[in-house]
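See below for the structure under consideration.
Protein chains: 2
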Amino acid sequence: MRGNLFAVAVNLVVLTVRSDRLHVLLIERGEQPFLGEWALPGGFVRPDEDLVHTASRRLGEETGADTGDAVLGHLEQLASYAAPDRDPRGRVLSVGYLAFVPDMPEPTPGGGASASAWFPLDRVPALAFDHKQILEDGVERAKSKLEYTTLAASFCPSEFTVTDLRRVYEAVWGSSLDPRNFQRKVTSTADFLVPTPQLVTGGRGRPPRLFRRGPATALHPPMLRESNRAAERPLS
Amino acid sequence: MRGNLFAVAVNLVVLTVRSDRLHVLLIERGEQPFLGEWALPGGFVRPDEDLVHTASRRLGEETGADTGDAVLGHLEQLASYAAPDRDPRGRVLSVGYLAFVPDMPEPTPGGGASASAWFPLDRVPALAFDHKQILEDGVERAKSKLEYTTLAASFCPSEFTVTDLRRVYEAVWGSSLDPRNFQRKVTSTADFLVPTPQLVTGGRGRPPRLFRRGPATALHPPMLRESNRAAERPLS
DNA sequence: TCAAAAGTGTTACAAGTACACCCATGA
DNA sequence: TCATGGGTGTACTTGTAACACTTTTGA
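For the protein sequence lines, the chains are A and B, in the order given.
Straight run, no breaks: the first sequence in this note's numbering ends on number 1606.
Straight run, no breaks: the second sequence in this note's numbering ends on number 1606.
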């Protein structure tokens, strides 16, 4: 076997929707290199540890929730990054992971971080290493995954309304969707949403019904974003 | 930096269409471990070499064509595999790459291989390491990429007929498509196919026109495979 | 002139878009 | 009772499926 060895790290693009905007979890580095700069959470893969185990462990440490195995949330491999000069310490390969989590309290930093916080995607600071690229790849993957899977529900708590789900799509895609057609589309897709007997009272209009995730994973036919069809209609 | 280091390899899922069937390029290992068994072509990443450079270099060595940079063919990263026990020599992370190449002459083995050959996908022997998994992931990725991109043309030579292109879809998906509707679909997608003035004579029927690839990369709306439509209409 | 493959036209149907309209609640 | 958001009905439009039909060649 060749002698050129790599350190292998995992970096997480953890996305959530807060206040109708897509946010990413960033940590402030508590050690060299890039001490004090913002970066994606991550860590080195331990001996005898599989990649997804490292990712799920670090995700739990940063968010407090065990989102890797739980019903809520979603974790998948994104891509690997190994440019020879991407880390000043030497040859480090980073495997990017993409995570969707429901909105949760402020994070508690772990794993070599001095602070951590949720950033809206249009307010992301300069990032250490090549993490800007990893983040962009993750966001692009997230946008297209919503088109042909039911993963948007991974951003929601265990029970949610159709409007909650629509706001996830609008936040991730940055465009607005027709509430009436959206309602019909998601409620008529078999096994996507399971209705509960409960309605949410206290809001302004007619109380919406609460749903749970169904067993469906794919959306056929897909939900199309604006950009696929015609000129984009910005949200705001 | 931690002391647990990995060797990093690249493994290629090289697909092509020969005789209307999807084939994968396999090598017979010329060294330990798994000496004499079939495996995906690959190799270790050299110092100062980026992942895609390793992949493109090894692809060129195995096929004789420089398909990574050329107009013909396609090369993309697939996923990384790093189970602790996947290689008996120690901790080895393998980055899978997926390549589409036009049909070409028999390959010449390189890089630690004693032989290499194209195998139809339904005649693939047992594979070394976890290469069966990598191959399955690559084939599944290929199938879905044909749905929403123009990459099917990467399997064709620089000039090809609509029927050539249709046979690519049929070989990869393992299903047959209506030649008349397929014709309309691909010729009416802007910038997918650029007509040349030439017709192919010598065949049995009306001579088909030759096309080149256009600049389009995405297919909107996507080309749907049978399985997508059948799955969505179960027992009513 | 016949068989075969390329390519066009047409009808039927499925799905998405746009929007009118009704429902159920809080203020 | 009005404003607000949830939810349904429906005409219009786009795209696919199925298939009849014409075109252009070799045998």
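The beta-carbon is built from N, C-alpha and C at its ideal position, and this holds for glycine as well.
Q: Anything in the segment 1443-1459 of chain B with a Cβ closer than 7 Å to a Cβ of chain A? List those residues in chain order, please.
A: Listed by position along the chain: Q1447, A1449, S1450, A1452, A1453, P1454 and R1459.
Q. Looking at A1377/A and G1460/A, is the spacing between their C-beta atoms short of 9 Å?
A. Cβ atoms of G1460/A and A1377/A: closer than 9 Å.
(Q) Short of 8 Å Cβ to Cβ, which residues in the segment 1401-1425 of chain A face chain B? (A) Near chain B, meaning a CB-to-CB distance below 8 Å, the residues of the segment 1401-1425 of chain A are F1414, V1415, R1416, P1417, D1418, E1419, D1420 and L1421.
Q. Between which two residues does the alpha helix (DSSP H) containing T1557/B stretch?
A. In the DSSP assignment, T1557/B falls within the unbroken alpha helix (DSSP H) covering P1549 to S1558.
**Q.** Backbone CA spacing between F1581/B and T1424/A [nearest angstrom]
**A.** Annotation: F1581/B to T1424/A spans about 48 Å, alpha carbon to alpha carbon.
Q) Is the segment 1381-1399 of chain A touching the segment 1464-1479 of chain A in the sense that three or more CB pairs, one from each, lie closer than 8 Å? A) Yes, since at least three Cβ pairs between the segment 1464-1479 of chain A and the segment 1381-1399 of chain A fall closer than 8 Å, the two stretches touch.
**Q.** Extent of the continuous beta strand (DSSP E) to which S1528/A belongs
**A.** First-last for S1528/A: undefined, no H or E at that position.
Q: Please report how far the alpha carbon of A1588/B lies from the alpha carbon of Y1518/B, in whole angstroms.
A: Their backbone Cα atoms lie some 6 Å apart in a straight line.
Q. Mind checking H1393/B: buried by the 16 CB within 10 Å criterion, or exposed?
A. H1393/B should be labelled buried.
Q) For a contact meaning CB atoms closer than 8 Å, what does L1395/B contact in chain A? A) Chain-ordered listing is empty here: chain A has no CB closer than 8 Å to the CB of L1395/B, the nearest sitting near 22 Å.
Q. Counting along the chain, where does the alpha helix (DSSP H) carrying G1430/A start and finish?
A. Counting along the chain, the alpha helix (DSSP H) containing G1430/A begins and ends at L1421 to T1433.
Q) Using Cβ-Cβ distances below 9 Å, what residues of the segment 1538-1565 of chain B are close to chain A? A) Within the segment 1538-1565 of chain B, no residue has a Cβ that lies closer than 9 Å to any Cβ of chain A.
Q. Residues of chain A with a CB under 9 Å from the CB of F1499/B: which are they?
A. In chain order: nothing, as chain A lies at least about 13 Å away.
Q.
Let's test the definition: count the other Cβ atoms within 10 Å of the Cβ of V1564/A and tell me whether it reaches 16, buried, or not, exposed.
A. Looking at its Cβ environment, which holds fewer than 16 other Cβ atoms inside 10 Å, V1564/A is exposed.
(Q) Across the segment 1396-1404 of chain B and the segment 1480-1499 of chain B, are there enough close Cβ pairs to call them in contact, namely three or more that are closer than 8 Å? (A) Verdict: yes, contact present.
(Q) With a threshold of 9 Å between beta carbons, is P1585/B in contact with chain A? (A) Taking Cβ atoms only, chain A never reaches closer than 9 Å to P1585/B, which makes this a no.
(Q) Here's the rule: buried if 16 or more other CB atoms are within 10 angstroms of the residue's CB, otherwise exposed. What is H1444/B? (A) So H1444/B counts as buried.
Q | Straight-line gap, T1557/B to R1579/B (C-alpha atoms, nearest Å) | A | A straight-line Cα-Cα distance of about 11 Å links T1557/B and R1579/B.
(Q) The beta strand (DSSP E) that contains V1415/B, what's its start and end? (A) It is not in any beta strand (DSSP E) - V1415/B carries neither H nor E in the DSSP assignment.
Q | 6 Å CB neighbourhood of N1598/B in its chain, flanking five on each side removed | A | Confidence is the limiting factor: at N1598/B the pLDDT is only 47, short of 50, which leaves the residue's position unreliable, though a coordinate-based value still follows. So no residue of the chain qualifies.
(Q) Can you tell me whether P1604/B is buried or exposed? The criterion is at least 16 other CB atoms within 10 Å of its CB, across all chains shown. (A) Per-residue confidence for P1604/B stands at a pLDDT of 32, beneath the threshold of 50, marking its modelled position as unreliable; the derived number appears in the next sentence. Counting Cβ neighbours within 10 Å, P1604/B comes out exposed, since fewer than 16 surround it.
Q. Can F1414/A and N1374/B be called in contact, C-beta distance under 9 Å?
A. Yes; because the gap between Cβ atoms is below 9 Å, this pair is in contact.
Q) With C-beta atoms as the reference, is E1362/B less than 9 Å away from L1497/B? A) Residue 1362/B cannot be examined here, being either before or after the span of chain B that is shown, 1371 to 1606.
Q) For L1375/B and chain A, any beta-carbon pair shorter than 9 Å? A) The beta-carbon of L1375/B is placed less than 9 Å from the nearest beta-carbon of chain A.
(Q) For V1542/A and E1419/A, what's the separation of their Cα atoms in angstroms? (A) If I take the Cα positions, the gap works out to 32 Å.
Q. With burial defined as no fewer than 16 other Cβ atoms inside 10 Å of the residue's Cβ, what is the status of S1606/B: buried or exposed?
A. Any answer about S1606/B is weak, because its pLDDT of 24 lies below 50 and its placement is not dependable; what the coordinates show is given next. Taking all protein chains shown into account, S1606/B has fewer than 16 neighbouring C-beta atoms within 10 Å of its C-beta and is therefore exposed.
Q.
One question on the structure: do P1411/A and S1486/A come within less than 9 Å of each other, judged by their Cβ atoms?
A. Yes, the Cβ-Cβ distance between P1411/A and S1486/A is below 9 Å.
Q: Hey, could you find the ends of the alpha helix (DSSP H) G1508/A is sitting in?
A: Segment H1501 to Y1518, the alpha helix (DSSP H) holding G1508/A.
Q | Whether V1465/A touches A1379/B by CB criterion (9 Å) | A | Note that the C-beta distance between V1465/A and A1379/B is not below 9 Å.
**Q.** chain A contact residues for L1463/B, given Cβ-Cβ distances below 9 Å
**A.** F1376, V1378, V1415, L1421, S1450, L1463 and V1465, listed in chain order.
(Q) Is there a Cβ of chain B sitting closer than 9 Å to that of P1578/A, yes or no? (A) By this cut-off, P1578/A is not an interface position.
Q) Is the CB of L1594/A under 9 Å away from at least one CB in chain B? A) Cβ-Cβ to chain B under 9 Å: yes for L1594/A.
Q: Look at the alpha carbon of P1417/A and the alpha carbon of V1462/A, and state the distance between them as a whole number of angstroms.
A: If you draw a straight line from the Cα of P1417/A to the Cα of V1462/A, it is about 15 Å long.
Q. Looking at L1429/A and P1527/A, is the spacing between their C-beta atoms short of 9 Å?
A. It is not a contact, given that the beta carbons lie outside the stated cut-off.
(Q) How far does the beta strand (DSSP E) with S1464/B in it extend, from its first residue to its last? (A) For S1464/B, the uninterrupted beta strand (DSSP E) run begins and ends at V1462 to F1470, by DSSP.
Q) To the nearest whole angstrom, what separates the beta carbons of K1513/A and L1521/A, a pair I think is in contact under 8 Å? A) A Cβ-Cβ distance of about 11 Å is found for the pair K1513/A and L1521/A, leaving them out of contact under the 8 Å criterion.
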